[in-house]
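Since the structure comes first, as structure tokens, the remarks are kept for the end.
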Amino acid sequence: MLTSAVKRVDAGVSRTMKQAKTGSFRGYGNTTVSLRSGGVGLGKISPKVPASIIAEEKVLEHKIRTGKLRNIPTEVK
């Protein structure tokens with residue numbers, strides 16, 4: 260395995276708690292977490308992955324986090 264995905268449930272719970280505190284929590288629907296919101300990411304990357312691939316991934320991650328790369332699917336179909 261080269262790496263794994265990390266789903267940060269704590270980020271979703273934290274966001275929901277903040278919404279409840281400010282009165283903006285709706286109480287229905289789905290909570291979507293993303294790379295941009297810090298809700299998902301990559302786990303530890305294997306040392307077998309070439310540095311060039313890791314560098315490219317970091318560039319893409321930065322573009323997603325800053326909104327420069329858009330139209331990222333939120334569901335796998």
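Here this note's numbering is used: position 72 in the sequence shown is 331, and no number is missing along the way. Note that beta-carbon positions come from the ideal geometry of N, C-alpha and C, so glycine has one too.
Collapsed DSSP secondary structure at residue i in the structure displayed
i    : result
L328 : coil
G271 : helix
V266 : Position check: residue 266 holds Lys in this sequence, whereas Val was assumed. Here K266 sits in strand by DSSP.
L319 : helix
Beta-carbon proximity of residue i to residue j, cut-off 7 Å
i    : j    : result
V272 : G300 : no
Environment of residue i [buried if 16+ CB atoms lie within 10 Å]
i    : result
G298 : buried
Own chain residues within Cβ distance below 7 Å of residue i, not counting five before or after
i    : result
I323 : L294, R295, I331
L328 : L319, K322
Sequence-distant residues of its chain with Cβ nearer than 8 Å to residue i (five each side left out)
i    : result
G302 : T262, S263, A264, V265
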